[in-house]
Every structure is written in C-alpha cells, then in structure tokens.
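>
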Amino acid sequence: MSIDVVQNQTEINAVLGEFKRDRDSLIPVLQSIQGRLGYLPPEVISAVAEHLGLSESTVYSVASFYTQFKFKPSGKNIIKVCRGTACHVGGGERILAELERQLGIKPGETTPDLQFTLDTVACIGACALSPVVTVNENIHGRAVVSKILEAVAQKKGVAVCQCP
Ligand code: FES
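If you want my numbering, it's the 1-based position in the sequence shown plus 1.
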C-alpha cells in the first residue's frame, strides 16, 4: 500500500469517525472527505458505503451526480475562464485557448505536475470586468488577465501568445 493511500485512509477514517452511521449523512461525509483530500479517491466509495450501510453503487451514483465532487486531484492553482456572454464577447474564448495551449490541457483537466487545473465557469456576475478569469478564490478582470497568462507561461516555460 502506498503512502498516499495510507494517508488517505487515515483522513477518511477520521471523517467517518465524526459522523453517525446514518444514511442521511452521505453528502456531508463526502463533502468533508473532499474538503480534507481535495477530491474523492477510489477507496472513499467502499469505506463510506460500509460506514453508512449503503451499497457502493449508491455512494458512487450520488457522488458522480453532483458536479461538486471530484474523482481526480485538482491542481494547486485552479484557473477558471468565464464563458458567460459578456466574457465571450470580451475575448474569453481566446484566453481559454491560450491557457489550453500553455498548459497542454483541456477544461476539466489537471497538469501532470498537479500545479494547474483548468476549467470554465458560467457568468459569475463580474461582467463589467470582462473577460474574467478566476484563480483559486480570486476574480481577475481584463487588466490582470494578461499578467496571469504571462505568469502561467513563465511557470510552464512556454512563450506567451499576444493574441488574447
Ligand atoms: S459573463 Fe463573465 S462575469 Fe458575467
């Protein structure tokens, strides 16, 4: 058993110990485990199913139904490009294409070094700043997006496209 699996199991057991063996706890349990690990590794399904007296297929069905649950680890930096109308008009698609090129991944994917996860988001209500990109919890508008592209390119060792 690898160190990661042992560490994950320790975290999973700690979370399960905080919840009663109650089927209604399924979503809070999954949220809590994801809060600790950043995603739901495969061993979560059987451990949660056993603890709550549910079938593994039930746990997996619920976890896979909600987009909040991730089955792969996310990158240290989660970059989301807004695909709302104002941001689309403002050049969001070109920014997304440039980030895809720099990072070598598509939306929903994470770089192999786990440094970046790229994703898209619907309008986040900051249309006046369009095009908008979020990095982790921070919202960045037009003025900062070029700096984000430069920073990512520098980190990945690729040239910055001047197109967006
Ligand atoms: S369309 Fe992007 S923030 Fe509204």
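We put the CB at the ideal spot given by N, CA and C, even for glycine.
List the endpoints of the continuous alpha helix (DSSP H) containing Phe66.
In the sequence shown, residue 66 corresponds to position 65, counting from 1. Phe66 -> alpha helix (DSSP H) spans Glu57 to Phe66.
> Based on the DSSP secondary-structure assignment, which residues constitute the bridge partners of Phe1?
Beyond the ends of the chain as shown, which are 2 and 165, falls residue 1; an answer cannot be given.
> Less than 7 Å between the CB of Ala87 and some heavy atom of the ligand FES, yes or no?
Taking the first residue of the sequence shown as 1, we reach residue 87 at position 86. Result yes, Cβ under 7 Å from the ligand FES.
> Figure out for me which residue from His52, Thr135, Glu101 and Ile140 has the closest Cα to the Cα of Ala154.
Position 153 of the sequence shown, counted from the first residue, corresponds to residue 154. Per the Cα distances, Glu101.
> Near Pro108, what residues of its chain come up, given a Cβ to Cβ distance below 6 Å and the 5 sequence neighbours on each side ignored?
Along the sequence shown, one-based indexing puts residue 108 at 107. Correct list, in chain order: Leu119, Asp120 and Thr121.
> Relative to the C-alpha of Gly36, which candidate in Ser47, Phe70, Val60 and Val63 has its C-alpha closest?
Position 35 of the sequence shown holds residue 36. When each option's Cα is compared against that of Gly36, the closest is Phe70.
> With distance defined between alpha-carbon atoms, name the residue in Ile96, Thr112 and Tyr67 nearest to Val146.
By one-based count along the sequence shown, residue 146 stands at place 145. When each option's Cα is compared against that of Val146, the closest is Ile96.
> Between which two residues does the alpha helix (DSSP H) holding Thr86 run?
Here residue 86 corresponds to residue number 85 of the sequence shown, with the count starting at 1. Looking at the DSSP string, the run of the alpha helix (DSSP H) that includes Thr86 is Thr86 to Val90.
> Assess, as a yes-or-no matter, whether the region 128-137 is touched by the region 35-55 under the definition of 3 or more beta carbon pairs within less than 8 Å.
no
> Give the range of the beta strand (DSSP E) segment to which Ile140 is assigned.
What you label residue 140 is simply residue 139 of the sequence shown in a count that begins at 1. It spans Asn139 to His141 - the beta strand (DSSP E) in which Ile140 sits, taken as one unbroken run.
> Output the distance between the C-alpha atoms of Val6 and Thr111, rounded to the nearest integer angstrom.
Taking the first residue of the sequence shown as 1, we reach residue 6 at position 5. Taking the first residue of the sequence shown as 1, we reach residue 111 at position 110. C-alpha separation (whole angstroms): 20 Å.
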